[in-house]
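**Q** Just remember that this note's numbering sits 17 ahead of the position in the sequence shown, which is counted from 1. Next up is a structure, given as structure tokens.
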Amino acid sequence: MVASAGMIARKGATLSSSGAEIDSEQAYLTTLYGRLDQLREQADSRLRSILLEAGGTPQGRAQREATRSHYSEQLAQFNSVENGLCFGRLDFSAENPRYIGRLGLFAEDRDQDPLLVDWRAPAARPFYLATAVHPLGVTRRRHLRTRGRVLTGIDDEVLDISAGDGTGREDVTGEAALLSALTANRTGRMRDIVETIQAEQDEVIRSGLPGVLVVQGGPGTGKTAVALHRAAYLLYTYREQLTRSGVLILGPNTTFLRYISQVLPSLAETGVLLATLGDMFPGIRARAVESPATSALKGSLHMLDVLENAVADRQTVPDDFVEVDHDGYPVRIERAVLEDARSVARRSGRPHNVARQIFVTEAIHALSLQIAERIGADPLGGDNLLSEADLAETRRELREDIDVQQALFEFWPVLTPRQVLRDLLSDDTRLESAGCTAGERALLLRARDAGWAPADVPLLDELAELLGIDDTLKVREQQRQRKAAIEYAEGVLEIVEGSRSLDFEDEGAERDEVLSALDVVDASSFVERHEVIDTRTAAERAAADRTWVFGHVIVDEAQELSPMAWRLLMRRCPSRSVTAVGDVAQTSELSGTTTWEQVFEPYVAQRWRLVELTVNYRTPAEVMAVAADVLAAVDPNLRPPRSVRSAGVTPWARRVPPVTLAEELIADVRKEAALIEEGRLGVLVPDALEGSLGEALVAAVPGAAVGEQPDLLNHVVLMTVRQAKGLEFDSVLVVEPGEIIAESPRGLSDLYVAVTRATRRLGILYTGELPEVLSSLG
18 MVASAGMIAR
28 KGATLSSSGA
38 EIDSEQAYLT
48 TLYGRLDQLR
58 EQADSRLRSI
68 LLEAGGTPQG
78 RAQREATRSH
88 YSEQLAQFNS
98 VENGLCFGRL
108 DFSAENPRYI
118 GRLGLFAEDR
128 DQDPLLVDWR
138 APAARPFYLA
148 TAVHPLGVTR
158 RRHLRTRGRV
168 LTGIDDEVLD
178 ISAGDGTGRE
188 DVTGEAALLS
198 ALTANRTGRM
208 RDIVETIQAE
218 QDEVIRSGLP
228 GVLVVQGGPG
238 TGKTAVALHR
248 AAYLLYTYRE
258 QLTRSGVLIL
268 GPNTTFLRYI
278 SQVLPSLAET
288 GVLLATLGDM
298 FPGIRARAVE
308 SPATSALKGS
318 LHMLDVLENA
328 VADRQTVPDD
338 FVEVDHDGYP
348 VRIERAVLED
358 ARSVARRSGR
368 PHNVARQIFV
378 TEAIHALSLQ
388 IAERIGADPL
398 GGDNLLSEAD
408 LAETRRELRE
418 DIDVQQALFE
428 FWPVLTPRQV
438 LRDLLSDDTR
448 LESAGCTAGE
458 RALLLRARDA
468 GWAPADVPLL
478 DELAELLGID
488 DTLKVREQQR
498 QRKAAIEYAE
508 GVLEIVEGSR
518 SLDFEDEGAE
528 RDEVLSALDV
538 VDASSFVERH
548 EVIDTRTAAE
558 RAAADRTWVF
568 GHVIVDEAQE
578 LSPMAWRLLM
588 RRCPSRSVTA
598 VGDVAQTSEL
608 SGTTTWEQVF
618 EPYVAQRWRL
628 VELTVNYRTP
638 AEVMAVAADV
648 LAAVDPNLRP
658 PRSVRSAGVT
668 PWARRVPPVT
678 LAEELIADVR
688 KEAALIEEGR
698 LGVLVPDALE
708 GSLGEALVAA
718 VPGAAVGEQP
728 DLLNHVVLMT
738 VRQAKGLEFD
748 SVLVVEPGEI
758 IAESPRGLSD
768 LYVAVTRATR
778 RLGILYTGEL
788 PEVLSSLG
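Laid out in structure tokens, this is it:
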């Protein structure tokens with residue numbers, strides 16, 4: 018693979034380095050690793066010391082836990098930067114050289130200059146921004162290539178314009194390191210780009226925390242890598258704030274999360290929650306597959322009315338009355354009484370489960386008056402003889418009556434989101450009552466035991482808001498448990514005191530001269546000292562808490578999220594500190610968006626920022642020329658990103674007989690796999706062919722994998738286009754592009770995604786007619 022002349026241009030003179038320079042840099046690299054080992058040993062020693070401590074006051078144990086967490090995080094950071102610790106050096110005319118790496122390192126004497134500057138620090142920024150035209154005081158930028166702790170090479174860029182050729186371009190820096198990264202084989206895991214961040218990417222990465230930042234970028238512009246490096250930068254710059262609240266990165270599917278899973282740890286950050294939409298309701302992993310039309314309907318704001326109606330339908334009244342036995346006497350619960358109680362509860366504006374207490378209180382009050390009229394009437398025709406205290410006692414008795422409570426529960430039950438949604442989606446009558454048309458009911462209706470789909474999660478979250486939680490019983494249970502714990506502690510202390518008394522009797526000692534357990538701690542303090550401290554990270558606690566509020570949310574493939582999904586995310590981030598990365602030309606989901614205004618104006622009006630990434634680093638020019646024709650059919654007003662390199666390989670298309678499609682595909686897979694050697698091959702197919710072609714491929718090609726679940730460490734993976742969102746392969750074979758287009762109203766966008774997954778080679782197999790948008794390959 019070669020760079021096209023004039024594509025990746027030189028910034029200035031590139032110098033070869035002498036053996037003496039390599040030896041000098043290796044010596045410095047060894048010093049850095051020595052300091053890293055020293056710091057790692059110190060952190061490990063302190064951590065082991067803390068783990069040996071026990072007991073103490075609640076405050077002391079909390080402080081000890083915070084210290085333990087601090088040193089555990091330090092150890093994780095030191096271990097994560099073992100590879101590629103130092104990757105750059107900046108030389109200045111009037112300053113000492115400045116080494117750039119994944120982590121900041123200081124000598125024991127912190128008054129000295131840093132041994133290594135963290136890539137996120139302001140002092141490191143010239144490494145990414147300096148050019149021959151604007152050197153920012155830098156005379157030379159050096160890229161250090163390492164394998165483990167060994168220096169394997171040096172690439173120098175002279176940025177002093179008097180020493181260079183003056184022809185550098187402003188959009189690409191570190192060309193040698195960048196080209197090496199771009200032409201390397203894919204490994205099945207995304208690499209970080211910390212060594213090759215470009216100026217337009219750096220601008221996005223270092224944008225401030227507040228507000229909504231939208232990063233629009235076509236294929237290969239590094240949107241995902243930029244988003245991940247932005248997370249690392251924000252955690253470095255706003256660590257105290259974000260460590261407590263956490264950062265959420267939302268990806269399109271689980272394969273994508275596995276693909277990016279190593280990037281943040283390699284940047285010394287381990288406390289970020291990676292999730293898909295299907296993971297955003299605790300206790301549920303929504304993975305069921307449903308039709309695009311069903312997902313689109315569930316993602317529409319129309320479902321707000323449907324869900325509100327579904328909850329209201331559970332707040333019922335009898336046709337006439339119901340009769341229950343209370344203390345041996347029949348009590349009639351009239352329809353009018355419950356209608357009045359329901360009206361008062363609804364007018365409160367509180368969630369269903371919280372408003373239930375109002376409903377019950379109103380109903381009990383009305384029933385108490387009914388009983389008072391019966392048993393408190395003056396036989397001589399005067400006023401009711403019951404006092405207010407008598408009425409209060411009657412209300413208490415009614416509230417504690419199981420039959421009365423059961424009757425009221427039937428009319429205003431305690432509900433859970435899962436219960437309401439499962440009942441709704443499995444009952445045509447409920448759907449109709451909730452306001453769904455016949456067509457909508459046909460899309461939504463499913464078996465009661467069907468699995469949860471990702472589009473269900475925003476509905477569950479919305480229902481959780483509509484239902485709320487009546488924590489009265491929870492608080493009572495916590496009080497009961499604490500009371501029981503204190504009683505148990507009192508028993509333990511009494512046993513200890515009793516044993517002490519026997520010891521003194523046996524030994525004839527003076528009891529008053531020695532402190533007892535009861536002199537040091539009472540039962541309540543004893544319980545507090547043994548309360549369990551939550552040792553989970555912010556990410557772990559956030560994953561288990563639906564109401565957790567994140568300090569920042571990063572959304573990849575943001576154009577795919579439905580309006581209902583955005584409502585869920587905005588509830589999790591009321592500060593509206595959001596980074597959304599995506600490409601509206603690649604929108605596949607019917608409930609997705611084609612304009613960013615449509616997404617964000619309901620939440621922040623015009624107060625959001627848009628930046629565009631315009632340079633395509635991944636997709637070679639030959640492949641992008643094919644993609645440009647597809648993009649023009651998607652939207653003539655959109656412009657493809659400009660590729661910085663050529664692969665030297667022309668994309669191809671080949672027509673094959675339908676009956677031999679699987680056989681021809683297997684032959685091409687073997688051929689492509691041999692050409693890319695240790696690289697990765699992606700076979701992208703229409704949804705309808707995933708099963709048949711996948712089965713044939715796995716049977717014929719050892720190590721091949723199929724679908725969304727496989728680990729991308731496999732040499733060959735067959736997937737649908739939607740499953741391949743955000744991924745990249747050295748070679749891509751697209752099968753039946755016409756069917757890909759025909760499968761969805763946004764099929765052209767799907768084809769655009771498919772042809773832009775390749776970093777080196779692109780081939781297309783078809784059995785019918787080649788779509789017009791690919792006619793340049795015909």
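Using N, Cα and C, we set each Cβ at its ideal position, and we do this for glycine too. These figures come from a predicted structure and were not determined experimentally.
Quick check on DSSP: helix, strand or coil for T411?
**A** In the structure shown, T411 sits in a helix (DSSP, three-state: H, G or I).
**Q** Which class does S748 belong to by DSSP, given the choice of helix, strand or coil?
**A** Of the three classes helix, strand and coil, the one that applies to S748 here is strand, per DSSP.
**Q** Taking the continuous alpha helix (DSSP H) assigned at G456, which residues delimit it?
**A** Residues A455 to L461.
**Q** Any idea which residues DSSP pairs S660 with across the strands?
**A** Per DSSP, N633.
**Q** So, G101 versus T169, is the Cβ gap smaller than 8 Å?
**A** It is not a contact, given that the beta carbons lie outside the stated cut-off.
**Q** Using 10 angstroms around the beta-carbon of R256, count the other beta-carbons present and answer buried if the total reaches 16, otherwise exposed.
**A** That one is exposed.
**Q** Can you tell me whether D135 is helix, strand or coil according to DSSP?
**A** Note: D135 maps to strand in three-state DSSP.
**Q** Under 8 Å: do the stretch 300-311 and the stretch 223-232 share three or more Cβ pairs, one atom per stretch?
**A** Short answer: they don't touch.
**Q** Of the residues R672, R558 and T433, which one's Cα is nearest the Cα of R331?
**A** That would be T433, whose Cα lies nearest to the Cα of R331.
**Q** For my contact list, L226 and L251 are in at a C-beta cut-off of 8 Å; report their separation, rounded to the angstrom.
**A** Confirmed, about 6 Å.
**Q** Rounded C-beta distance between T737 and P236? I'm assuming under 8 Å.
**A** No, T737 and P236 are not in contact; Cβ-Cβ is about 17 Å, not under 8 Å.
**Q** How about P41 and L64: do their beta carbons lie closer than 8 Å?
**A** Position check: residue 41 holds Ser in this sequence, whereas Pro was assumed. No, the Cβ-Cβ distance between S41 and L64 is not below 8 Å.
**Q** Run the CB neighbour count on N96, radius 10 Å, all protein chains shown included, and call it buried at 16 or more, exposed below.
**A** Its Cβ having fewer than 16 others within 10 Å, N96 is exposed.
**Q** Quick one: Cα of A22 to Cα of P637, how far?
**A** Per-residue confidence for A22 stands at a pLDDT of 32, beneath the threshold of 50, marking its modelled position as unreliable; no derived number is given.
**Q** Counting pairs of Cβ atoms below 8 Å between the stretch 374-386 and the stretch 431-447, do you hit three or more?
**A** They do not touch, by the three-pair rule.
**Q** Identify which residue in V651, N633, M581 and E577 has its Cα closest to the Cα of P619.
**A** Among V651, N633, M581 and E577, the Cα nearest to that of P619 belongs to M581.
**Q** Straight-line CA distance for W669 to L750?
**A** Roughly 10 Å between the two C-alpha positions.
**Q** Count the other C-beta atoms from every protein chain shown that fall within 10 angstroms of the C-beta of S594, then say buried if there are 16 or more, exposed otherwise.
**A** Buried, by the Cβ-count rule.
**Q** Who pairs with M736 in a beta bridge, going by DSSP?
**A** In the DSSP output, where bridge partners are listed per residue, M736 has L701.
**Q** Check for me: the alpha helix (DSSP H) holding Q59 runs from which residue to which?
**A** G36 to L68 is the span of the alpha helix (DSSP H), which, as asked, contains Q59.
**Q** Just grab the DSSP bridge partners of H319 for me.
**A** Answer is none; H319 lacks a bridge partner.
**Q** What runs of the alpha helix (DSSP H), each 4 residues or longer, lie entirely inside the stretch 202-278?
**A** Entirely contained in the stretch 202-278, the alpha helix (DSSP H) runs reaching 4 residues are, in chain order, 216-222, 240-254, 256-262 and 271-277.
**Q** Under the DSSP definition of a beta bridge, which residues are partnered with D172?
**A** BP columns for D172 point to H160.
**Q** Between P475 and the ligand NAP, is the CB less than 7 Å from at least one heavy atom?
**A** The ligand content of the structure shown is nil, which means the ligand NAP is not present either.
**Q** Specify the secondary structure class of P580 as computed by DSSP and reduced to three states.
**A** Helix at P580.
**Q** Assuming contact is defined by CB atoms lying nearer than 8 Å, are L265 and L290 in contact in what I supplied?
**A** Yes.
**Q** Thinking just about the alpha-carbon of each residue, which of V700, V323 and V647 is nearest to the one in S450?
**A** If we check each option's Cα against that of S450, V323 comes out closest.
**Q** Grab me the residues of G711's own chain with a C-beta within less than 6 Å of its C-beta, minus the 5 sequence neighbours each way, in chain order.
**A** Excluding positions up to five away in sequence, the list reads V723 and L735.
**Q** Just how far apart, CA to CA, sit Q80 and E70?
**A** Rounded to whole angstroms, Q80 to E70 spans 12 Å at the Cα level.
**Q** Closest by CA to L53, which one among G755, G118 and P114?
**A** Residue G118 is the option with its Cα nearest to L53.
**Q** Using 10 angstroms around the beta-carbon of T612, count the other beta-carbons present and answer buried if the total reaches 16, otherwise exposed.
**A** Exposed: under 16 other Cβ atoms inside 10 Å.
**Q** Contact check, V328 vs L484 under 8 Å by CB: the rounded distance?
**A** Right, their Cβ atoms sit about 7 Å apart.
**Q** Can you name, in chain order, every residue of its own chain whose Cβ lies under 7 Å from the Cβ of L314, other than the five neighbours on each side?
**A** The answer, listed in chain order, is E457, L460 and L461.
**Q** For G181, does the count of other Cβ atoms within 10 angstroms reach 16, so buried, or fall short, so exposed?
**A** Interpretation of G181 is limited by its pLDDT of 43, a score under 50 that renders its predicted location unreliable; the figure taken from the coordinates is listed afterwards. Label assigned to G181: buried.
**Q** Cβ of F109 within 8 Å of Cβ of G154?
**A** Yes; because the gap between Cβ atoms is below 8 Å, this pair is in contact.
**Q** From L68, A406 and V647, pick the residue whose C-alpha is nearest to that of V770; which is it?
**A** Checked all of L68, A406 and V647; the closest Cα to V770 is V647.
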